[in-house]
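Under full-length UniProt numbering, the first residue of the sequence shown carries the number 1, and numbering increases by one thereafter. We put the beta carbon where it would ideally sit given N, CA and C, even for glycine. First up is the structure itself, then whatever we jot down about it.
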Amino acid sequence: MKKNVLMYEMDSFSYVDSIKRWNKTIIIPVGAIEQHGPHMSMNVDVNLSLSISKGIAEKINCIVAYPITYAAKSQQRSGGGYHLIGTTSIEGNTLISYVKDIIKEYIRHGFKNIILINGHFENNSFLMEGIDLALNDTKDSFRKIALLSYWDFVPEETINKLYPDGFTGWALEHAGVMETSLMLYLYPDLVNMKKVLDLPPADLPLYDIYPIIPERTPKSGCLSSPKNASVEKGEILYKVCVDGISKALKKEYSI
């Protein structure tokens, strides 16, 4: 039977025991509630960061926190834009304060190693700021905090294999082949490929305009077509991310 690594499914006594036994290391998944086209649910970023965190925790023996769900505003060039209904965002200052407070709580619980696994492109700078503020408030009470986005661990050879017709970049992969394939593999009941709109990649300028010009976002809300997504691709992506991140963290934390 697999060990339970999810903090929020443990009783508090088992949780305290696990902190001591499992390297005093916790992973905080970070996602978003964001539209992902007509073919997928809006909790994609939460679900994928959580599942990848769970896979990593099972490999390196650590605990997974309850995910951070509401997140930074979706940008037009990487998420379709925060103007789209369904995308539910919080202000940057709110996210920074929330991350700071959560990190300080886990330090209080006794964790020495904290890892934030991000599943929403726009979160990164706000997460970094929250980490920095938490560090300033808790000097010398912990060892190390890591921040990463799981897609950065997809190697070039995998990209070439999964995108034989060319890769448009991670920003335009919003609700495209990568996320759709991972969801097909991990959460197939939340994907309906019959609703896919096979449109060309978004043609957006290399700058942002505010207020957002809604007409520049493809009518699907996706920034590239998910038509070529598959369960098989999802399995490949999941395994390379979990294996690559686990290897990096074992080295970084000497686990």
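- Per DSSP, K227 is not a residue of any beta strand (DSSP E), being assigned neither H nor E.
- Under DSSP, N61 shares a beta bridge with no residue.
- N123 carries a helical assignment under DSSP once its states are collapsed to helix, strand and coil.
- About 5 angstroms separates the Cβ atoms of I212 and G81, confirming a contact at the 8 angstroms cut-off.
- Ranked by Cα distance from T88, the first of Q35, S12, K144 and L162 is Q35.
- Distances from the CA of V242 to each of Y163, I117 and P214 were compared; the closest alpha carbon is that of I117.
- Excluding its 5 nearest sequence neighbours in each direction, K73 has C-beta neighbours in its own chain below 7 angstroms: Y82, S89 and E122, listed in chain order.
- Inclusion of F142 and K112 in the CB contact set at 8 angstroms is warranted, their separation being smaller than that value.
- Taken in chain order, the whole alpha helix (DSSP H) runs of length 4 or more contained in the segment 145 to 191 are 156 to 162 and 177 to 186.
- With contacts defined by Cβ atoms closer than 8 angstroms, V231 and L199 do not form a contacting pair.
- Excluding sequence positions up to five before and after K219, its CB lies within less than 8 angstroms of the CB of L197 and L199, all in the same chain and listed in chain order.
- CA-CA distance, I33 to L190, rounds to 14 angstroms.
- Bounds of the beta strand (DSSP E) holding V30 are T25 to V30.
- For N93, the enclosing alpha helix (DSSP H) begins and ends at G92 to H109.
- The shortest CA-to-CA distance from G110 to any of Y238, G221 and R21 is the one to R21.
- For the pair T138 and Y8, the Cα-to-Cα distance works out to about 24 angstroms.
- I117 sits in a strand when the DSSP states are folded into three classes.
- Assigned with DSSP and collapsed to three states, M40 falls in strand.
- Annotation: E157 to S49 spans about 22 angstroms, alpha carbon to alpha carbon.
- In this structure S14 is exposed. Its beta-carbon is surrounded by fewer than 16 other beta-carbon atoms within 10 angstroms.
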